[in-house]
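Below is one structure, written out as structure tokens; comments come after it.
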Amino acid sequence: MPVVVVESPAKAKTINKYLGSDYTVLASYGHVRDLPAKDGSVDPENGFDMTWEIGAD
Numbered sequence: 067m068p069v070v071v072v073e074s075p076a077k078a079k080t081i082n083k084y085l086g087s088d089y090t091v092l093a094s095y096g097h098v099r100d101l102p103a104k105d106g107s108v109d110p111e112n113g114f115d116m117t118w119e120i121g122a123d
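If you want the numbering used here, it's the 1-based position in the sequence shown plus 66.
Right, dumping it as structure tokens:
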């Protein structure tokens, strides 16, 4: 079964109505990953590749 993760429970509930029972829609209650705060997160010289970091919690 496909899983969709969204940030808020309200969004999860709404999206679940559209997708139906073939999908599981979960809320993360916050960001799962983010761009580091320092410069260099986005590399314009390499097709704008992004360097992501995963939160500690």
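Glycine included, each C-beta is placed from N, C-alpha and C at the ideal position. Note that the structure is predicted; figures quoted are calculated from it, not measured.
As the crow flies, the alpha-carbon of residue 86 is around 36 Å from that of residue 108.
Between the alpha carbons of residue 92 and residue 71 lies a gap of roughly 5 Å. Residue 67 places its beta carbon 8 Å or farther from that of residue 84.
If the five residues before and after residue 117 are omitted, its C-beta is found closer than 6 Å to the C-beta atoms of 107, all from its own chain and listed in chain order. If you look at residue 76, you'll find it isn't in any beta strand (DSSP E); it sits in the alpha helix (DSSP H) that goes 75-85.
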